[in-house]
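Okay, so here's the structure we're looking at.
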Amino acid sequence: MFKIVFSDFDGTLTYKEGLGPIFFDVLSLLENKKTPLVIVTGRSLSWGHFLLTHFPFLTDVIVEGGGAIVSRNGKFITEECLISPLEVLTLADFCTDFKLKFPTTPLSVDSFGRKTDRAIELHDLTDGILFSHIEQFLIERKINFSTSNVHLNFWCGEVSKYKAVQHYMKQKGVKAEECVFFGDSLNDQTMFKSFKNSVGVANISTIIDRLEFKPTTILTGDDNVGPWGVLNYLKKTL
Ligand SMILES: [Mg+2]
Numbered sequence: 008m009f010k011i012v013f014s015d016f017d018g019t020l021t022y023k024e025g026l027g028p029i030f031f032d033v034l035s036l037l038e039n040k041k042t043p044l045v046i047v048t049g050r051s052l053s054w055g056h057f058l059l060t061h062f063p064f065l066t067d068v069i070v071e072g073g074g075a076i077v078s079r080n081g082k083f084i085t086e087e088c089l090i091s092p093l094e095v096l097t098l099a100d101f102c103t104d105f106k107l108k109f110p111t112t113p114l115s116v117d118s119f120g121r122k123t124d125r126a127i128e129l130h131d132l133t134d135g136i137l138f139s140h141i142e143q144f145l146i147e148r149k150i151n152f153s154t155s156n157v158h159l160n161f162w163c164g165e166v167s168k169y170k171a172v173q174h175y176m177k178q179k180g181v182k183a184e185e186c187v188f189f190g191d192s193l194n195d196q197t198m199f200k201s202f203k204n205s206v207g208v209a210n211i212s213t214i215i216d217r218l219e220f221k222p223t224t225i226l227t228g229d230d231n232v233g234p235w236g237v238l239n240y241l242k243k244t245l
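Sequence positions in the sequence shown follow my numbering and run 8 to 245.
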């Protein structure tokens, strides 16, 4: 039994970028077991708002790779920003320079709904030379970055999924060993590194060799891909 189930979103609770019926099976299983689900995603603050307003079972979503927490407080949706106002401004200034340097590389459309990070769609970065020039520019300007299943995300300050989850667990008075985390990608590594109960769904096999820190449990087989893996594991352990 876990006190909180933390899970990445893209590729872990979705399949091929689609939100399908298995996601709803995961929600109803956890609702029946009275176990909260906290999605920990690289998606934007506005995505967090969407998830909370459309899925009443969810009360908190950690977004922007750990940059902010969006919560439901009664009728209201509130946000807690985990970086400083100066870092928010520095990132905005960097984006102005980025657009001047790479005028043909758009920020992701959902960057409009982002506060603590910005993103570029990976499908806009199929040119490896462009990708390396952008990485070089980010490094020169001391801007942190990571890739998810869909985005190259970048931000200022110390932001990680684990740091935000740690902050959240402290607020709730819950210990890491009482919780579990599901993930599938490079931006889940801080959780794999520090979380005792971490589970990689089967599609993690595509990037497993690139992970410096691997999950403690790695699911395998076609029936454990993405949300199916989450559901199967929870059915066995809850
Ligand atoms: Mg993912």
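Cβ atoms here follow ideal geometry from the backbone N, Cα and C, with glycine treated the same way.
Out of the options, state which residue places its alpha-carbon closest to the alpha-carbon of residue i.
i           : options               : result
residue 101 : 149, 86 and 61        : 149
residue 194 : 223, 158, 186 and 209 : 158
residue 24  : 98, 233 and 13        : 233
residue 199 : 219, 214, 209 and 182 : 219
residue 63  : 225, 82 and 210       : 82
residue 74  : 58, 209, 49 and 54    : 49
residue 201 : 239, 214 and 222      : 222
residue 54  : 105, 197, 30 and 122  : 122
residue 109 : 47, 145 and 191       : 145
residue 42  : 59, 13, 29 and 58     : 13
residue 28  : 235, 243 and 152      : 235
residue 124 : 51, 113 and 135       : 51
residue 179 : 45, 135 and 143       : 45
residue 197 : 142, 37, 47 and 242   : 47
residue 120 : 224, 86 and 243       : 86
Return yes when the Cβ of residue j is within less than 8 angstroms of the Cβ of residue i, no when it is not.
i           : j           : result
residue 72  : residue 168 : yes
residue 111 : residue 129 : no
residue 237 : residue 20  : yes
residue 56  : residue 84  : yes
residue 189 : residue 67  : no
residue 4   : residue 204 : With the chain covering 8 to 245 only, the question about residue 4 has no answer from this structure.
residue 181 : residue 11  : yes
residue 192 : residue 151 : no
Taking the alpha-carbon positions, what's the residue i to residue j distance?
i           : j           : result
residue 65  : residue 245 : 18 angstroms
residue 32  : residue 172 : 24 angstroms
residue 9   : residue 103 : 44 angstroms
residue 78  : residue 140 : 37 angstroms
residue 92  : residue 22  : 35 angstroms
residue 95  : residue 132 : 25 angstroms
residue 35  : residue 69  : 20 angstroms
residue 227 : residue 217 : 17 angstroms
residue 88  : residue 137 : 31 angstroms
residue 207 : residue 231 : 10 angstroms
residue 126 : residue 40  : 35 angstroms
residue 118 : residue 176 : 27 angstroms
residue 240 : residue 80  : 30 angstroms
residue 26  : residue 163 : 30 angstroms
residue 212 : residue 160 : 22 angstroms
residue 106 : residue 183 : 40 angstroms
residue 30  : residue 90  : 30 angstroms
residue 215 : residue 142 : 22 angstroms
residue 99  : residue 243 : 45 angstroms
Could you name the residues, in chain order, whose CB is less than 6 angstroms away from a heavy atom belonging to ligand 1? Any heavy atom of ligand 1 within less than 6 angstroms of a residue's beta carbon puts that residue on the list, which reads 15, 17, 18, 19, 155, 156, 191 and 192.
Which full runs of the beta strand (DSSP E) of 3+ residues lie inside the stretch 107-177, going along the chain? Here the runs fully enclosed are 124-128, 151-154 and 158-162.
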